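Notes follow the structure.
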Amino acid sequence: MIIRFGYVSHALSLWEAAPAKTMTFARYQKLGREEALKQLHTIAEKNLRRTIRILHYNVARQIHLYRMSSSLIPLATHEDVEWDYITPFEHLYREIGDIVRRHRMRTSFHPNQFTLFTSDRPEVTENAVKDMTYHYAMLEAMGLHEEAHINLHVGGAYGNKAKALGRFHENIKQLPDPIKQQMTLENDDKTYTTSETLDVCEKHNIPMMFDYHHYMANHTDEETLGDLLPRFFQTWEGMHVPPKIHISSPKSDDAFRSHSDYVDAEFIQPLLKELKALNQPVDFMIEAKGKDLALLKLVEDMAAVRGVKRAEEAVLDV
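Numbering-wise (the working numbering), the sequence shown opens with residue 33 and increments by one.
Encoded structure:
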C-alpha cells in the first residue's frame, strides 16, 4: 500500500519563505488607494514567488502533495477593496502551474472556517461564493482548475443540525458548477461527524476529505473505521487520484482537538491497520504545526517499522 505525504503552506526548512504575508484593511485605509495598491502588489508577488520556491523544495524532497496558502493575495475578497489580483501576476501563476504539472504534484486550497454554506444569513453565503471564486480564479490562472481541490467543512449547526443541513443543500446551489466540481468536504472535530459528512458528500457527489484526528475527537460508537473507510473511498471513485486523508495528533489529553507540533505515529496506528487491510493507496496531508519537519519525521518514524519500505523520500510502501 503506497502512502504519499504532504504538508500545509509553509516550509519551515526554508528561510524567509512564509507565503502568507498580508495587509489589514485598517492599514489599507491609512495608506490611501494608490500607495495601498502598490503595497498589495508587492505582497502578492512576494507570496507567489515564495510559493514557487517552496514548490522547488518539494520537488527536491520528493514531496508530492502541497496545500497552498489561502492568503496568497491580501484583501482579495474584501468588499471595499477591488483590485486585479490575476493579470499582473499571470506569469507567476503560470510558473506555479507548470512546476505542479511537470512534477505531477497534487495541490489544494483550504479556505477558512468562515467559508460555509449552512448559515441562515444571505451575506454569509454570498461571501462563501466569493471566497470560493477567488480560490478557483487562482487555480484557473495556474491551469490547475480541473485537478486541484478546494476543501471546506460542512459548517455550523446553529442549534439545529437538520435545518442547517437543509440550508447547505439549498445554499450550495449558488456555487457555480465548475467550482463545485473541485470542492471537497471534511469531517470536523465538534459538529459534523464522518458519517454525517459522508451523507452530504454522497448526496452532492462531492469527494470527502477524511480527517482522522477529527474522527477521533468527534464520532459515535456506531462509527467505525471499518464501516466508514469504504464509503470514504467510494466518494473518490473516478477522480484519478488516491483518496486523501488529513493526519495530525492531539497536543495533549486536555487539549485533544489542538494539533501537536509533530505527529505521533502510535496515534495513527488504528488507521494504518485498517488501510493496510483494505490495501488502498492513499495520500496523507500532514496538518501538524511542524509542517514539512513533521512530515519528514513521521516518514522516518514509520519507515523504521519492520515491513515498511521507503519508496521515495516522502513516499512509503506500508
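Idealized CB from N, CA, C, for every residue including glycine. Treat the numbers as computed from the prediction; the structure is a model and nothing was measured.
query: Boundaries (first-last residue) of the beta strand (DSSP E) holding S140; result: 138-141
query: Given F264 as reference, the closest of T226, A297, G322 once Cα atoms are compared; result: T226
query: Straight-line gap, V350 to A343 (C-alpha atoms, nearest Å); result: 10 Å
query: Residue ranges of each alpha helix (DSSP H) within the region 62-140, 4 or longer; result: 65-92, 122-134
query: Cβ neighbour criterion (16 or more within 10 Å) applied to K276; result: buried
query: Cut-off 7 Å between Cβ atoms - residues of its own chain near H135, not counting five sequence neighbours on either side; result: V91
query: C-beta atoms of R199 and S151 nearer than 9 Å; result: yes
query: First through last residue of the alpha helix (DSSP H) which encompasses I211; result: 209-212
query: Continuous beta strand (DSSP E) stretch holding A335: start and end; result: Where A335 is concerned, there is no enclosing beta strand (DSSP E), although the alpha helix (DSSP H) it sits in stretches over 323-335.
query: Under 9 Å between C-beta atoms of L171 and Q206; result: no
query: Close beta carbons around D296, own chain, < 7 Å, minus the five adjacent residues each side; result: S281
query: For N203, the residue or residues it bridges with in DSSP; result: Beta-bridge pairing links N203 to no other residue.
query: Buried or exposed by the 16-neighbour rule on C-beta atoms within 10 Å, applied to H236; result: exposed
query: Supposed contact pair H291 and A320 - C-beta distance, whole angstroms, cut 8 Å; result: 6 Å
query: C-beta neighbour in chain B for L261, strict 9 Å; result: The structure shown contains no chain B, having only a single protein chain.
query: M164 - DSSP class collapsed to helix/strand/coil; result: helix
query: Three-pair Cβ contact test at 8 Å for the region 326-333 versus the region 48-64; result: no
query: H338 versus F37 - alpha carbon distance; result: At residue 338 the sequence reads Arg, which differs from the His that was named. Taking the straight line from one Cα to the other gives about 19 Å.
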